[in-house]
Structure formats: C-alpha cells, structure tokens
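Residue numbers for the sequence shown follow the numbering used here, so the first one is 20 and each next one is one higher. Inspection log for the structure reproduced underneath, given as structure tokens.
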Amino acid sequence: MTVWLLIRLNVITSNDKALPVSKVSSSSIHFEGNRHTAQGIMSVEKKAREPCCSKLKMFLVAMSVVYFAKAFQGSYMKSSITQIERRFDIPSSLIGFIDGSFEIGNLLVIAFVSYFGAKLHRPRLIGVGCLIMALGSLITAMPHFFQGLYKYETTISHSTTNGTESALPCLANGSLTGDNEPPTAESQAECEKAAGSSLWVYVFLGNMLRGIGETPVMPLGLSYLDDFSKEENTAFYLACIQTVGIIGPMFGFMLGSFCAKLYVDIGAVDLDSITISYKDSRWVGAWWLGFLITGVVMLLAGIPFWFLPKSLVKQGETEPEKKSNAQEGEQDTFVPDNNKDSSKPPEVSMMAMAKDFLPSLKKLFSNSVYILIICTSLVQVNGFIGMITFKPKFMEQIYGQSASRAIFLIGIMNLPAVALGIITGGFIMKRYKINVLGAAKIAIGASLLAFCSLLVQYFLKCDNSQVAGLTVSYAGTPALSYQQNTLISQCNVGCSCSLKHWDPICSSNGLTYASPCLAGCQTSTGIGKDMVFHNCTCIRESPLTYANMSAVLGQCSRKADCDFMFKIYMGVSVIGAFVSACGATPSYIILLRSINPELKSLALGIQTLIVRTLGGIPPPIYFGALIDRTCLKWGIKRCGGQGACRIYDSDAFRNTFLGLIYGLYSVSYLIWGLLYNRLSHRQKKLDLKQQLKASNQDGTGVATNGSANAPSAIVKCIENPDQETTI
Numbered sequence: 020m021t022v023w024l025l026i027r028l029n030v031i032t033s034n035d036k037a038l039p040v041s042k043v044s045s046s047s048i049h050f051e052g053n054r055h056t057a058q059g060i061m062s063v064e065k066k067a068r069e070p071c072c073s074k075l076k077m078f079l080v081a082m083s084v085v086y087f088a089k090a091f092q093g094s095y096m097k098s099s100i101t102q103i104e105r106r107f108d109i110p111s112s113l114i115g116f117i118d119g120s121f122e123i124g125n126l127l128v129i130a131f132v133s134y135f136g137a138k139l140h141r142p143r144l145i146g147v148g149c150l151i152m153a154l155g156s157l158i159t160a161m162p163h164f165f166q167g168l169y170k171y172e173t174t175i176s177h178s179t180t181n182g183t184e185s186a187l188p189c190l191a192n193g194s195l196t197g198d199n200e201p202p203t204a205e206s207q208a209e210c211e212k213a214a215g216s217s218l219w220v221y222v223f224l225g226n227m228l229r230g231i232g233e234t235p236v237m238p239l240g241l242s243y244l245d246d247f248s249k250e251e252n253t254a255f256y257l258a259c260i261q262t263v264g265i266i267g268p269m270f271g272f273m274l275g276s277f278c279a280k281l282y283v284d285i286g287a288v289d290l291d292s293i294t295i296s297y298k299d300s301r302w303v304g305a306w307w308l309g310f311l312i313t314g315v316v317m318l319l320a321g322i323p324f325w326f327l328p329k330s331l332v333k334q335g336e337t338e339p340e341k342k343s344n345a346q347e348g349e350q351d352t353f354v355p356d357n358n359k360d361s362s363k364p365p366e367v368s369m370m371a372m373a374k375d376f377l378p379s380l381k382k383l384f385s386n387s388v389y390i391l392i393i394c395t396s397l398v399q400v401n402g403f404i405g406m407i408t409f410k411p412k413f414m415e416q417i418y419g420q421s422a423s424r425a426i427f428l429i430g431i432m433n434l435p436a437v438a439l440g441i442i443t444g445g446f447i448m449k450r451y452k453i454n455v456l457g458a459a460k461i462a463i464g465a466s467l468l469a470f471c472s473l474l475v476q477y478f479l480k481c482d483n484s485q486v487a488g489l490t491v492s493y494a495g496t497p498a499l500s501y502q503q504n505t506l507i508s509q510c511n512v513g514c515s516c517s518l519k520h521w522d523p524i525c526s527s528n529g530l531t532y533a534s535p536c537l538a539g540c541q542t543s544t545g546i547g548k549d550m551v552f553h554n555c556t557c558i559r560e561s562p563l564t565y566a567n568m569s570a571v572l573g574q575c576s577r578k579a580d581c582d583f584m585f586k587i588y589m590g591v592s593v594i595g596a597f598v599s600a601c602g603a604t605p606s607y608i609i610l611l612r613s614i615n616p617e618l619k620s621l622a623l624g625i626q627t628l629i630v631r632t633l634g635g636i637p638p639p640i641y642f643g644a645l646i647d648r649t650c651l652k653w654g655i656k657r658c659g660g661q662g663a664c665r666i667y668d669s670d671a672f673r674n675t676f677l678g679l680i681y682g683l684y685s686v687s688y689l690i691w692g693l694l695y696n697r698l699s700h701r702q703k704k705l706d707l708k709q710q711l712k713a714s715n716q717d718g719t720g721v722a723t724n725g726s727a728n729a730p731s732a733i734v735k736c737i738e739n740p741d742q743e744t745t746i
C-alpha cells in the first residue's frame with residue numbers, strides 16, 4: 020500500500036507539472052510564501068489519500084459483478100448446447116445458428132448504443148441492459164414449460180417388470196421394418212406440434228435478447244472506467260474486471276455440469292423407468308433450470324448502476340482541475356490529433372450527435388492501427404468461438420467423456436487458468452509500465468505460445484469407439500463405414516432390425532452394438548438401467564467362435580490408455596489457456612491507447628459490432644456444418660426424420676475441428692505482423708516528438724540533431740502520426 024501511494028503521489032505531482040526539488044529556488048519559495056507552500060503540500064496529500072470507497076471503485080465493483088453475471092449466463096449457454104441439441108433433435112449447424120443469435124442481437128444496436136450512449140447516462144444504460152439480459156434468460160427457459168415429456172428413441176420393449184421376466188428384443192423388433200416409410204405431411208405436422216420440436220425459436224429469441232441487453236456493458240463500461248481513472252491504473256482495473264468476470268464461466272460450466280446430470284423432466288417422471296444414463300448420447304439434462312438461475316443473478320447485478328452518477332472526477336484531480344490538464348504522452352502520439360477543436364463546446368442535443376456520427380465514424384476508420392486491430396480480433400475470435408462452442412463435444416467424442424464431466428472439467432481447470440493469466444498480464448503491464456509496443460510484444464508472444472499448445476493437442480488422440488458395423492466389423496477388425504447397411508451382418512439378418520435407431524449396448528467382449536436387435540439378443544432380464552441382454556448371436560468370444568454372450572445397456576468405455584491420453588490433453592489445454600490469457604489485457608491496452616479519447620466508446624462499440632457479427636455468428640454455423648460431415652450415426656426424431664448425431668468418426672472430427680482452428684490462428688499472425696510494424700512506426704514518431712520536447716525544455720530551441728528548428732518532416736509527423744512520412 021505504501022508503494023502504491025508513493026506511485027500515486029509521484030504521478031500527481033508530475034501531472035501538475037510541479038518542478039523538481041532541485042529546481043525550486045529560494046526566491047520562488049519566498050515569493051509564494053509559506054502559507055501557499057503549506058497549502059500546496061496539503062493539496063498533494065489530499066490527492067494521495069483517495070477514499071477507499073470512491074464512486075469510481077464502486078463502479079469498478081459493479082462492473083466486475085455484471086461481468087461475472089454476463090459471463091455466467093454466456094458460459095451456461097455454451098455448456099447447454101449439447102443438451103438443447105438433443106432436446107430439440109437438431110443438427111450441429113442449427114444449434115450453431117441458435118448460439119450465434121446472441122451476436123445477432125448485439126449487432127442490431129451496438130453502433131447506436133456505443134455512440135449515443137457515450138454522451139448519455141452510461142451507468143443507467145448499463146442497468147437497462149442488465150434488465151433486458153435477465154428477461155432474455157427467462158425467455159430461453161420457456162420452451163420446457165410448453166413441451167411435453169421428453170421421449171428418447173429406443174427399441175427396447177418395456178414389458179419387463181421384474182428381474183425374472185424375459186423379453187425377445189430380436190423377434191419383437193420385426194415390426195420396425197416399416198420405419199423406413201416416410202410419414203405423411205399431415206401426420207408429420209401433427210406430431211411435431213405435439214412434440215413441440217419447433218419451440219427452439221424461443222431459445223433463439225431469448226439468446227438474441229441477451230445479446231441486445233449486453234450491448235452497453237463493454238463499450239460504455241470500459242470507456243467510463245478509462246475516462247475517470249489514472250492512465251497507469253487502467254490496465255490493472257481492466258485485469259480486475261476480466262478476472263472477476265472469468266469466475267462467471269467457472270460457475271456457469273459447473274452449473275451446466277450439475278444440470279446435465281439431472282434428467283430434463285425431473286419430478287415429472289419415474290427415474291427408475293429410464294433406461295439411459297447421463298453418459299448416453301440420448302440423455303437430456305435439465306437445461307432449462309440453469310437459465311432461471313442465471314436470469315435472477317443478472318437481475319440483481321444490474322441494481323447498483325441505477326444509483327451511480329453520470330460522470331466522476333478523474334482520479335488524482337479535484338473538481339476545479341477536472342478539465343484543466345490535457346492528456347499527454349503516449350495517448351497523443353498513437354492517435355491522429357488532426358481536426359481538434361478544443362475551443363468549441365461539446366454539443367449535447369440528439370440532432371447534433373446524429374450529425375456528428377458519420378464524421379466520427381470516418382475519423383475512426385482513418386486510423387490504420389484500429390483497422391488492423393479489428394482484423395486481428397476478427398480472425399482470432401472466429402477460431403476461439405468455434406473452439407469453445409464445440410470443445411465439450413470434442414472431449415466427449417475424442418476421449419469418451421460424458422457431456423457433464425467435460426463441462427465440469429472446463430469449469431474447474433481451464434477457466435481458473437484463464438483468470439490467473441488475465442490478472443498476470445494486467446499486473447505485468449502495471450508493474451513495469453509497459454508501453455503500447457511492449458504490450459504488442461506480450462500479446463503476440465502469448466498467442467504464439469498458446470498456438471504451440473494447440474499443435475501438441477493434435478497428437479493426443481484416442482482410437483475410435485469400437486461400434487460393430489460402424490468403426491469395426493462384427494468380427495472386431497477395424498472397418499470404418501458411413502453407410503448404414505454395414506450394420507447388417509450374417510448373425511442378425513433374420514432379426515429384421517431397424518437401422519435408424521440408436522440404442523447401444525456393451526458386450527462383455529468390449530464391442531458396442533447399435534441396438535440389442537442388431538446384436539441378435541434373444542432374451543433380457545432386469546428393468547430400467549439394469550437391463551441385461553442374453554443369448555446374443557452376434558457377440559463373439561473370439562473371432563472364430565460365437566458364445567451367445569450377454570450385454571448391458573450403454574456404450575462401452577474407451578481403452579485404459581485413452582484415459583491417460585485425456586489427462587495429458589487437459590494438462591496441455593490448461594497451460595495453453597493460461598498463456599493465451601496473459602495477452603488479453605495488453606491487447607485491450609493497445610486498442611484503448613490507439614484511438615482518440617472522444618471516440619473511445621464508439622471505437623469499442625464498432626469493434627464489438629464487427630467482431631461479433633463476423634466473428635461470433637458464422638463460426639458456430641460453419642464449424643457445426645463441417646463437424647456434421649463426420650457423423651457416423653444419426654439419431655431419429657420422435658416424428659421421424661434425421662435428429663441429432665449419436666456418434667462421430669473421431670479422427671475426422673479431430674482433423675476438422677483442430678484444422679479449422681489452426682488455419683484461422685495462422686492467418687491472424689500475418690495480420691499481427693502488419694499491426695506490429697505499424698506500432699513500431701508510431702513508436703519512432705513518439706521518440707522524435709520526445710526529442711523535440713526535450714530540446715524545447717532546454718530553452719535553446721535546438722533539436723538533438725543540431726538543427727535550429729524542427730524539420731518540417733518531424734512537424735508533419737507529429738501533427739499526423741497515422742500518415743507515412745519519410746524522415
């Protein structure tokens with residue numbers, strides 16, 4: 020705390036342009052008098068003793084809480100993607116479109132909120148946004164209360180009532196041969212209406228409403244904080260907000276994991292009669308419950324913003340000094356300072372703001388650094404959004420993890436590493452007072468190291484799950500097939516089994532069969548999850564002999580070495596998450612220090628608009644569409660037709676998923692190179708400007724190169740730092 024106060028005292032005196040002690044003469048002290056000197060010392064001490072509960076810090080706490088709440092909402096939505104996909108029986112491409120509705124809502128209003136909101140009451144606008152986000156979360160959960168009970172696809176007869184009574188799965192499924200006949204349009208429409216399969220539209224609308232409500236939080240909140248905090252504190256404050264915010268996804272993913280283990284119709288059905296567990300690809304958890312919880316949390320988080328003022332006194336300044344000190348140093352040199360007119364009072368009418376919108380937009384896009392920052396963010400966000408959306412499914416399909424466990428591990432391992440990385444990056448920026456060029460070096464270095472961890476993940480793979488007729492033959496030899504007719508073999512040809520249904524059983528020889536019928540099972544014992552199938556003609560004790568062995572419900576677990584490979588994968592993933600997060604705060608500082616102060620909110624809003632439009636909406640759609648191409652077995656909807664995918668070709672899934680990420684990040688590094696070159700160019704101009712100031716402060720009017728006046732090139736360079744100048 021003492022060091023912190025000393026830093027504040029030093030910055031305050033330098034901002035007030037106080038002369039060094041060595042340069043204060045006795046005559047000047049005598050002229051000012053002892054009374055004025057004492058008042059000056061008391062004034063400095065007063066600035067150093069900033070209240071611990073200032074309104075700026077109250078705003079900082081409120082922003083941290085709302086960042087937690089919105090991250091809590093967003094991460095829960097990500098964790099529920101698989102459950103929503105299964106509940107409404109929709110493909111990955113459509114669930115990607117639903118997930119992208121958040122960005123659609125955001126882009127509808129972001130430009131106007133960022134520009135007009137910066138001139139209005141920013142805290143109250145954030146409060147309104149929190150209210151809208153809470154409403155959107157509640158609307159997302161609405162379909163559950165309008166749908167009927169969830170009916171998963173199964174071919175198992177429920178006539179068995181105790182452990183001794185038997186059934187004949189192979190013979191009983193003879194009637195399923197008619198499932199290849201398409202239903203009539205009338206019966207299809209009636210069935211879908213009863214099943215409520217089109218109610219995913221409410222999820223889409225609720226998620227879009229959340230995007231609209233989130234609009235004012237980032238651009239208005241961060242610009243408000245940067246406007247009224249000291250320059251050297253901004254990076255640390257941003258790191259604090261992002262660190263608290265990253266705790267939100269931790270709770271969001273843990274809540275998602277908990278809800279994924281609860282059956283969707285919990286309290287309305289007898290769980291003992293359910294023949295699937297949370298590890299089954301047909302299982303649907305209580306996805307709706309988490310949206311009710313996150314909606315209430317967001318509603319509470321928005322309350323403090325209704326009681327915060329429109330503007331504050333800047334840290335280290337008293338009210339009379341609020342507008343006296345012009346911003347100097349790094350900010351002035353990394354942004355174009357042409358067309359400034361400090362003498363003209365700001366217009367406050369809506370008409371005047373509307374007229375100034377297009378000129379402000381033109382001035383903003385004349386900044387080449389800003390354009391390169393947007394391009395870099397756009398490409399990297401494409402890769403990140405695609406990765407985080409389908410990472411739970413990746414862990415489920417490649418390493419055989421259940422959806423709930425994959426979500427839980429992301430929440431307790433990856434996200435704490437991200438939080439630690441963000442606060443580490445912010446601390447380094449504050450501790451060593453790194454400039455914009457240094458921030459770029461940190462951001463690029465962290466991103467490259469994280470990319471190396473992604474490359475390592477490609478080699479951490481497991482073999483495909485052994486499913487007879489899909490990934491292996493009925494004899495157990497590797498034989499990958501995307502065709503459904505390979506599910507028919509000599510051992511089950513007389514059973515007249517359905518090829519569409521997915522009702523996996525695990526045999527004692529380690530092979531998974533798509534259904535008891537396709538395994539040729541003749542009898543069964545037990546009820547619910549404890550059913551055991553016997554006299555299965557397709558289950559072999561060895562490749563040469565049939566032993567009519569038994570099987571249990573569910574898909575077989577992966578081999579033991581796959582579990583070890585998954586542990587290595589999680590370790591590499593955690594390290595990569597930490598390293599990548601170290602560059603988050605420096606990236607924000609590059610953006611904030613490269614734009615004009617009066618355009619800060621607009622710049623953040625436009626960046627959010629572009630990045631979320633082109634970086635948030637398309638990735639889940641094209642990632643999902645390409646991942647769908649690797650599906651080996653599609654489920655069947657309750658009303659007929661193709662449902663959600665049940666099992667993927669893990670090798671093709673891994674190549675598609677990681678290949679897209681590698682390609683996008685590689686392109687981003689090319690843009691990073693252009694951005695770094697531009698920042699280096701501006702850093703040279705900064706050095707020239709400092710040399711000119713140093714020569715003027717010496718009172719000689721002679722620049723360091725010995726010339727009597729600054730060369731015209733230097734003057735031009737200082738006046739328009741965004742223009743290329745040969746010196």
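Think of the CB as a built atom: it goes at the ideal place given N, C-alpha and C, for glycine as much as any other residue.
Query, Result
"Can you grab the Cα-Cα spacing for the pair SER242 / LEU377, in whole Å?", "20 Å"
"When you compare only the Cα positions, how much space is there between LEU434 and TYR588?", "15 Å"
"From which residue to which residue does the beta strand (DSSP E) around GLN661 run?", "661 to 667"
"Less than 8 Å between the CB atoms is what I'm expecting for THR627 and MET237, so what's the real figure, rounded?", "6 Å"
"Taking C-alpha atoms, which residue in PHE403, SER466, LYS519, LYS89 lies nearest to LEU489?", "LYS519"
"Any contact between the stretch 678 to 697 and the stretch 465 to 475? By contact I mean 3 or more CB pairs, one from each, below 8 Å.", "yes"
"In angstroms with no decimal places, state the Cα-to-Cα distance between LEU257 and ILE629.", "22 Å"
"Sort ALA90, ALA438, LEU397 by Cα distance to VAL316 and report the nearest one.", "ALA90"
"So, using beta-carbon positions, are GLY275 and LYS76 closer together than 9 Å?", "no"
"Once you ignore the five residues that flank VAL263 on each side, which residues in its own chain have a CB closer than 7 Å to its CB?", "SER83, TYR86, PHE87"
"Tell me the rounded alpha-carbon separation between ILE293 and GLY547.", "5 Å"
"Among ARG301, ARG141, ASN226, which has the Cα closest to the Cα of ASP245?", "ARG141"
"Please give the ranges of any alpha helix (DSSP H) in the stretch 221 to 255, keeping only runs that are unbroken, at least 4 residues long and fully inside the region.", "236 to 247"
"Alpha carbons only, please: which of GLN503, GLN485, GLN502 is nearest the one belonging to GLY495?", "GLN485"
"Contact between the stretch 632 to 641 and the stretch 503 to 512: three or more CB pairs below 8 Å?", "no"
"What did DSSP end up calling SER156 once you bin it into helix, strand or coil?", "helix"
"My guess is that TYR749 and GLN503 are in contact by the Cβ rule of under 8 Å, so how many angstroms apart are they, rounded?", "Because residue 749 is not part of the residues shown, which for the chain are 20 to 746, the question remains open."
"Counting only beta-carbon separations shorter than 9 Å, does TRP521 have a partner in chain B?", "The chain labelled as chain B is not found in the depicted structure, where only one protein chain is given."
"If you compare alpha carbons, which of THR253, PHE78, LEU705, SER687 is closest to SER396?", "SER687"
"What is the DSSP secondary structure of PHE384, counted as helix, strand or coil?", "helix"
"So, ARG301 versus THR159, is the Cβ gap smaller than 9 Å?", "no"
"For ASP668, which residues in the same chain have their Cβ closer than 7 Å to its Cβ, ignoring the five residues on either side in sequence?", "ASN483, LEU499, THR649, LEU651"
"Is LEU677 near the ligand ZN, in the sense that its beta carbon is under 8 Å from a heavy atom of that ligand?", "The ligand ZN is not part of this structure, which contains no ligands at all."
"Would you mind working out which of GLY654, GLN661, GLY682, ALA603 sits nearest PHE642, comparing C-alpha positions?", "GLY682"
"Three Cβ pairs or more, each shorter than 8 Å: is that satisfied between the stretch 224 to 236 and the stretch 383 to 396?", "no"
"Note down, in chain order, each residue of its chain lying with its Cβ closer than 7 Å to the Cβ of LEU126, except the 5 sequence neighbours on either side.", "LEU628, ARG631, THR632"
"How many angstroms separate the CA atom of THR542 from the CA atom of ALA279?", "32 Å"
"Would you mind sorting PHE78 into buried or exposed? The rule is 16 or more other CB atoms within 10 Å of its CB.", "buried"
"With a threshold of 6 Å on Cβ separation, who are the neighbours of GLY225 within its own chain once the five nearest residues in sequence on each side are excluded?", "GLY155, ILE158, THR159"
"Are there 16 or more other CB atoms within 10 angstroms of the CB of CYS259, so buried, or fewer, so exposed?", "buried"
"Going along the chain, which residues of its own chain have a beta-carbon closer than 8 Å to the beta-carbon of VAL128, five neighbours each way excluded?", "ILE231, THR234"
"For ARG612, does the three-state DSSP call read helix, strand or coil?", "coil"
"For ALA487, list the residues DSSP reports as bridge partners.", "VAL491"
"Leaving out the 5 sequence neighbours to the left and right, which residues in its chain are closer than 7 Å to ILE295 when beta-carbon positions are compared?", "TYR171, ARG301, TRP302"
"Rounding to the nearest angstrom, what Cα-Cα distance links GLN702 and ASN715 in this structure?", "20 Å"
"How would you label VAL220, buried or exposed, when you count the other beta carbons within 10 angstroms and need 16 or more for buried?", "exposed"
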